[in-house]
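K.L.:
Number of protein chains: 2
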Amino acid sequence: MTGPRFTKLAQSLPATVPFVGPEAQERNMGRAFDARLGANENIFGPSPKAIAAMQSAASDIWMYGDPESHDLRHALADFHAVAPENIVVGEGIDGLLGYLVRLLIETGDSVVTSLGAYPTFNYHVAGFGGALHTVPYHGDSEDLPALLSKAAEVDAKLVYFANPDNPMGSWCKGADIVAQLDAIPEGCVLVLDEAYVELAPEGTAAPVSIDDPRVIRMRTFSKGYGMAGARVGYALGQADFIRAFEKIRNHFGMNRAAQAGALAALQDANWLQETRAKVAAARDTITDIAAKYGLTALHSATNFVAIDCGRDGAYAKAILDGLVARGVFVRMPFVAPQNRCIRISCGPEHELALFDAALEEVLAELG
Amino acid sequence: MTGPRFTKLAQSLPATVPFVGPEAQERNMGRAFDARLGANENIFGPSPKAIAAMQSAASDIWMYGDPESHDLRHALADFHAVAPENIVVGEGIDGLLGYLVRLLIETGDSVVTSLGAYPTFNYHVAGFGGALHTVPYHGDSEDLPALLSKAAEVDAKLVYFANPDNPMGSWCKGADIVAQLDAIPEGCVLVLDEAYVELAPEGTAAPVSIDDPRVIRMRTFSKGYGMAGARVGYALGQADFIRAFEKIRNHFGMNRAAQAGALAALQDANWLQETRAKVAAARDTITDIAAKYGLTALHSATNFVAIDCGRDGAYAKAILDGLVARGVFVRMPFVAPQNRCIRISCGPEHELALFDAALEEVLAELG
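Just so you know, the sequences run in chain order A and B. FYI, the UniProt record's numbering numbers position 209 of the first sequence as 209, with every residue one higher than the one before it. FYI, the UniProt record's numbering numbers position 21 of the second sequence as 21, with every residue one higher than the one before it.
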């Protein structure tokens, strides 16, 4: 009984988990978090209309979702003033990044990202045998010129850039990205992760021509629209590029209620506006809390704030551990020098007050 | 602007859709189906407790689902009297089949299935470059001895067998499968798709030892539990084998409400029993309808019935087209000689009556 003969690639992969979920931490601690401020979830939640749509769809869940996500895709096309053929809907940006990497990357192909940027992208690159090359952040921002220069150097097929950035919350103008597109090397694709763009200042979304085959943009209902648990993302790109996803995607992979919820969320522009206001206020609150204890909150265009704890990664980790032990779920960047920070999701006053109180205790304890 | 450099494999793939969804057919026809009896969906629906759990989870959808699906996985482990380490939860059997193929198959690796069996499995095999070998059905049943013999002949890494079978509804005793396991060639894995097993006679589920590394079993909440649109499946297998999925799966890919719904569905054994009774009654009704028009319904252990239309594939296709044109969504097997049949999902009396009336008209028209 030899059992499965895994591919060489599969044998070589570690059983990596990009992130440990808060539920696993709660099970390990034997208690629930009082404040869930670590996963960049949007605690203000989805539009009540989206909730109602999902609830209504629950009794129809015996039906598969439409494999074409027709209604959602057409609504998104109208929203972005592009054709439905420019959009593919998938199981969150995570799922779409997996498909994208699979389409482009085979063993040994070069990929470029920032050192310390989104780990799930790296997980997919490793999972398809890609050779990942990194460039450091410039200050606390991803460095697009350096990324594109590295891409040319290593003949990359794919380069990842998030705007706004996670985990730092930094951002640039979309027009500044467009101005750099001609620096994308021949045969390289820029994947522009705009997961947080609905929460960013006007002008952050990159006005990339939809017919430009060098760029694919990722969007999601997880952040601004508050539906992380629904798993609805989409990619915007040139029609031929988008069509390639049809070759490999899990056509019946979308949850039917999530499709309905996302459509309702998209149509409730007022709720998104209110969310933007709540998030902006929460960012200010987090900034004030940090300042109260002599820490520096970084400017953020997202629904989280990185707080510079002013010393090294070990110190920030000690603060994080102290917060977690006090029932406040937060996370932190993985890589120096960004790991001098902790990262706090925006949330209602009550949860931020719990964070405030826990932080005060932890800092007092650490001295 | 050269745009994306797809892998050789991606370039070689057609933009295949395993199935066109009924919604696409409805859009093409410009009208909705009156009876949705084509996709093996369980029209009797999920447990009201599952619906309530999903509705309740809708307002929590701002949170990601637990990437470990801990509660569901542990409940499934209890249910099957295995360890949680023997179970991986995924985005339906379709998603899990994709992961399984990815773990085992690279370009040129041999895979065996029945000619005319589940197309989505073949889609994944093609998608990872596998070389698919087929054996014909034996009568209207998948032929496990022939599949295993072919697997030995072509040095297959993976062989697919569904029990009960889709599209024919045929089945064998689980014990008969176990008796053949020693015929699995060294280094080959049998993927046993038991999607419909909750609707089959007692003894259909194969009592495979959970520590047997030669077999992985696929289960779903889509069929017996009536939650196709939720996208919750799971695989049962040896712990080391199951652990390999951690290397590549989309850890945060599960819809949070679907996780809660599946757990509630699993716990409502009474509803499943009632569903079994409704499905059995509907099978009888479909059989009676077929007999009324001189057609032969095949015995089925699933929530669908294949009706032998008594002539060739063209005739069955003409009947299918006539039904579809009359607002009754049905499908049919793809391959001769099984394509002499049409395939009708079980459903409430009202929908079967619509099928009955449409069938009478179509047969009269075809003469």
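Even glycine gets a Cβ: it sits at the ideal position worked out from N, Cα and C. Remember, it's a predicted structure, so these values are computed and weren't measured experimentally.
#1: Between Asp308(B) and chain A, is the shortest Cβ-Cβ distance under 7 angstroms, so that the two count as touching?
#2: When the Cα atoms are used, what is the spatial distance from Val101(A) to Ser110(A)?
#3: Does any C-beta atom of chain B lie closer than 7 angstroms to the C-beta of His251(A)?
#4: For Ile216(A) and Val189(A), which I take to be in contact (beta-carbon distance under 8 angstroms), what is that distance rounded to the nearest angstrom?
#5: Please tell me whether Met218(A) has its Cβ less than 7 angstroms away from any Cβ of chain B.
#6: Measuring straight from C-alpha to C-alpha, what distance separates residue 437(B) and Pro337(B)?
#7: Is any beta-carbon of chain A found at less than 7 angstroms from that of Ser110(B)?
#8: Within the continuous beta strand (DSSP E) that includes Ser345(B), where are the two ends?
#9: Tell me which residues of the region 187-216 of chain B have at least one Cβ-Cβ distance to chain A shorter than 9 angstroms, keeping chain order.
#10: Identify every run of the alpha helix (DSSP H) within the region 130-187 of chain B, keeping only runs that are complete inside it and at least 4 residues long; order them along the chain.
#11: Can you list, in chain order, the residues of its chain with a C-beta nearer than 7 angstroms to that of Leu199(B)? Leave out the 5 residues immediately preceding and following it.
#12: Compute the distance between the beta-carbons of residue 415(A) and Lys247(B), then report whether it is under 7 angstroms.
#13: Flag Gln180(A) as yes if its beta-carbon sits less than 7 angstroms from any beta-carbon of chain B, otherwise no.
#14: Go to Phe79(B), then tell me how far its alpha helix (DSSP H) extends in each direction, as first and last residue.
#15: Considering just the uninterrupted stretch of the beta strand (DSSP E) at Val189(B), what are its terminal residues?
#16: Could you name the residues that DSSP lists as bridge partners for Thr107(B)?
#17: Which of the three DSSP states is assigned to Thr113(A) in this structure?
#18: Note down, in chain order, every chain A residue with its Cβ under 8 angstroms from the Cβ of Pro14(B).
#19: Can you grab the Cα-Cα spacing for the pair Glu153(A) / Glu142(A), in whole Å?
#20: Step through the CB atoms of chain B and report whether any lies within less than 7 angstroms of the CB of Val89(A).
#21: Between Ala244(B) and Asp155(B), what straight-line distance do the alpha-carbon atoms span, to the nearest angstrom?
#22: Would a check of beta-carbon distances place Ile61(B) closer than 7 angstroms to chain A?
#23: In chain D, what lies closer than 8 angstroms to Met227(A) by C-beta?
#24: Report yes or no: is there a C-beta of chain A within less than 7 angstroms of the C-beta of Leu96(B)?
#25: Measure the Cβ-Cβ separation of Gly116(A) and Pro333(A) and say whether it is below 7 angstroms.
#26: Considering only residues of the same chain and omitting the five flanking positions on each side of Pro201(B), which have a CB-CB separation below 8 angstroms?
#27: Is there at least one Cβ from chain A nearer than 7 angstroms to Val324(B)'s Cβ?
#28: Excluding the 5 residues preceding and the 5 following Pro84(A) in the sequence, name in chain order all residues of the same chain whose CB lies nearer than 7 angstroms to its CB.
#29: So, at 6 angstroms on beta carbons, what are the nonlocal neighbours of Tyr196(A) in its own chain, with the 5 sequence-adjacent residues on each side left out?
#30: Give me the Cβ distance between Ala306(A) and Arg331(A), rounded to the nearest whole Å; I'm assuming they're in contact under 8 angstroms.
#31: Buried or exposed: Met29(A), going by 16 or more other Cβ atoms within 10 Å of its Cβ?
#32: Rounding to the nearest angstrom, what Cα-Cα distance links Asp308(B) and Val125(A) in this structure?
#33: Taking the continuous alpha helix (DSSP H) assigned at Arg256(A), which residues delimit it?
#34: Using a Cβ cut-off of 7 angstroms (strictly closer), state whether Glu41(B) contacts chain A.
#35: Taking Thr120(B) as part of the alpha helix (DSSP H), name the residues at either end of that continuous run.
P.N.:
According to the structure data:
#1: By one-based count along the second sequence, residue 308(B) stands at place 308. Closer than 7 angstroms: no.
#2: For the purposes of this step, residue 101(A) is taken as the residue at position 101 of the first sequence. For the purposes of this step, residue 110(A) is taken as the residue at position 110 of the first sequence. Distance between the alpha carbons of Val101(A) and Ser110(A): 11 angstroms.
#3: Residue mapping note: residue 251(A) aligns to position 251 of the first sequence, counting from 1. Yes, because at least one Cβ of chain B sits closer than 7 angstroms to the Cβ of His251(A).
#4: As a working note, residue 216(A) is residue 216 in the first sequence. As a working note, residue 189(A) is residue 189 in the first sequence. 6 angstroms between Cβ atoms; contact.
#5: To locate residue 218(A), count along the first sequence from 1; it is residue 218. Not one chain B Cβ lies under 7 angstroms of Met218(A).
#6: This structure cannot speak to residue 437(B), because chain B is shown only from 1 to 367.
#7: On the second sequence, position 110 is the one that residue 110(B) refers to. No, because no Cβ of chain A sits closer than 7 angstroms to the Cβ of Ser110(B).
#8: Translated into the one-based positions of the second sequence, residue 345(B) becomes position 345. Segment Cys341 to Ser345, the beta strand (DSSP E) holding Ser345(B).
#9: Gly187, Cys188, Val189, Asp212, Pro213, Arg214 and Ile216
#10: 144-154 and 174-178
#11: As a first step, residue 199(B) is located in the second sequence; it is residue number 199 there, counting from the start. Within the same chain, Leu199(B) has close Cβ partners Lys223, Gly224, Arg276, Val279, Ala301, Thr302 and Asn303.
#12: Any answer about residue 415(A) is impossible in this case: the structure gives chain A only from 1 up to 367.
#13: By one-based count along the first sequence, residue 180(A) stands at place 180. It does not: the Cβ of Gln180(A) has no partner Cβ on chain B nearer than 7 angstroms.
#14: Taking the second sequence and counting its residues from 1, one reaches residue 79(B) at position 79. From DSSP, the alpha helix (DSSP H) with Phe79(B) extends over His70 to His80.
#15: Counting from 1 along the second sequence, the entry for residue 189(B) is found at position 189. Its beta strand (DSSP E) spans residues Val189 to Asp193.
#16: For the purposes of this step, residue 107(B) is identified with residue 107 of the second sequence, where counting begins at 1. None, per the DSSP bridge assignment.
#17: Mapped onto the first sequence, residue 113(A) falls at position 113. Three-state DSSP puts Thr113(A) in a strand.
#18: The residue you call residue 14(B) lines up with position 14 of the second sequence. Residues of chain A passing the Cβ test: Lys247.
#19: If you number the first sequence from 1, residue 153(A) lands on position 153. If you number the first sequence from 1, residue 142(A) lands on position 142. One C-alpha to the other measures close to 18 angstroms.
#20: Here the question's residue 89(A) lines up with position 89 in the first sequence. Val89(A) does not count as touching chain B.
#21: On the second sequence, residue 244(B) is found 244 positions in, with the first residue counted as 1. On the second sequence, residue 155(B) is found 155 positions in, with the first residue counted as 1. Each residue's Cα considered, the two are about 22 angstroms apart.
#22: One-based indexing of the second sequence puts residue 61(B) at position 61. Judged by the 7 angstroms Cβ criterion, Ile61(B) is in contact with chain A.
#23: Of the protein chains in the structure, A and B, none is chain D.
#24: Position 96 of the second sequence, counted from the first residue, corresponds to residue 96(B). Output row for Leu96(B): interface = no.
#25: For the purposes of this step, residue 116(A) is taken as residue 116 along the first sequence, with counting starting at 1. For the purposes of this step, residue 333(A) is taken as residue 333 along the first sequence, with counting starting at 1. In contact: Gly116(A) and Pro333(A) (Cβ atoms closer than 7 angstroms).
#26: The count along the second sequence starts at 1 and reaches residue 201(B) at position 201. Hits under 8 angstroms: Trp171 and Ala301.
#27: If you number the second sequence from 1, residue 324(B) lands on position 324. It does not: the Cβ of Val324(B) has no partner Cβ on chain A nearer than 7 angstroms.
#28: As a working note, residue 84(A) is residue 84 in the first sequence. Cβ neighbours of Pro84(A) beyond the five flanking positions: Arg73, His74 and Ala77.
#29: Looking up residue 196(A) in the first sequence gives position 196. Answer for Tyr196(A): Pro164, Lys223 and Thr302, listed in chain order.
#30: Taking the first residue of the first sequence as position 1, residue 306(A) is located at position 306. Taking the first residue of the first sequence as position 1, residue 331(A) is located at position 331. Actually they are not in contact, since the Cβ atoms of Ala306(A) and Arg331(A) sit about 10 angstroms apart, beyond 8 angstroms.
#31: Start at 1 with the first residue of the first sequence, and residue 29(A) comes out as number 29. So Met29(A) counts as exposed.
#32: Stepping through the second sequence from its first residue, residue 308(B) is reached at position 308. Stepping through the first sequence from its first residue, residue 125(A) is reached at position 125. Cα-Cα distance, rounded: 48 angstroms.
#33: Locating residue 256(A) in the first sequence gives position 256, counting from the first residue. It spans Arg256 to Gln267 - the alpha helix (DSSP H) in which Arg256(A) sits, taken as one unbroken run.
#34: As a first step, residue 41(B) is located in the second sequence; it is residue number 41 there, counting from the start. Chain A contact via Cβ: present.
#35: Residue 120(B) sits at position 120 when you count from the first residue of the second sequence. Per DSSP, Thr120(B) belongs to the alpha helix (DSSP H) from Pro119 to Gly127.
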